[in-house]
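Peer 1: Numbering-wise, the working numbering puts 46 at position 46 of the sequence shown, and it's gapless, one number per residue.
The beta-carbon is built from N, C-alpha and C at its ideal position, and this holds for glycine as well.
Handing you a structure now.
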Amino acid sequence: MGAVLEMTLHRSMLTLTALLSLTACAAPLVDKVVGRVAGISAGSAAVKPAEGAPQIWFTLTGRGIKFPMSLISQRDGVNVYGSKDGSQVFLRNGMLIGTRGFGRDLMSAATPTPASLRAGIAQPRSYYDLDGADTSLRHQFSCKIERDPADPNHVSELCVADIGTIRNEFWFDSAGSISKSRQWMSQGVGYAAVERKDG
């Protein structure tokens, strides 16, 4: 009886070890493959920014948490901002295309350009975000542009998909760059506000 119990426990431990190994490998694989769509990749370790590096304010609006993030790298037109706890945000011309370290992250996104938004040209969006089991899910949105009659530098993007409707908002500076925004991040996190610290 004791030998049978010991063998059963041993097999259970081997099975559990195998499952944990597969689970541990799944998230990095998704990160590497899906992240390649946007040309981004990131680790979880905190990276010290250079002295005087540009900074942004990043706010998780649903959680009421606001904190600074500093530019830690640039690659293929993507700016990577990192916080002290190691979380990272990926911006392409001010458009949020990925996050790491927030749990149910935005793995990658296909977004319109700031110029097309300002011109009122609607484009479809594709998001890949994580569910609660580290599985990447794709959401395809159809969008339309709404202008603010009271503020020509304020543009809203109303997008619809199978998971519902989202509204992204953008404010532009005089040069046509995005100075601040409120963008949908993922189903698990909701919206994030991004604002340049230099105004």
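(1) Consult DSSP for Ser-142 and reduce its assignment to one of helix, strand or coil.
(2) Which residues bound the alpha helix (DSSP H) around Arg-196?
(3) What distance in whole Å lies between the Cβ atoms of Lys-144 and Leu-158, which are believed to be in contact at a cut-off of 8 Å?
(4) Answer yes if the segment 170-182 comes into contact with the segment 68-77, meaning at least three C-beta pairs across the two stretches below 8 Å, and no otherwise.
(5) I need the boundaries of the alpha helix (DSSP H) containing Arg-118, first residue and last residue.
(6) Within a Cβ cutoff of 6 Å, which residues of the same chain sit near Ala-109, ignoring the five residues on either side of it in sequence?
(7) Tell me the DSSP secondary structure of Thr-135 in three-state form.
(8) With a threshold of 16 other CB atoms inside 10 Å of the CB of Thr-99, please say whether the residue is buried or exposed.
(9) Which whole-angstrom value is the C-beta distance of Arg-104 and Val-189, which I expect to be below 8 Å?
(10) Report the option in Gly-132, Arg-92, Lys-48, Gly-164 whose CA atom is closest to the CA atom of Gly-86.
Peer 2: According to the structure shown:
(1) strand
(2) Taken as a continuous stretch (DSSP letters only), Arg-196 belongs to no alpha helix (DSSP H), being part of the beta strand (DSSP E) at 190-196.
(3) 5 Å
(4) With the cut-off at 8 Å, the segment 68-77 and the segment 170-182 do not touch.
(5) 114-118
(6) Ile-97, Tyr-127
(7) Coil.
(8) buried
(9) 6 Å
(10) Lys-48
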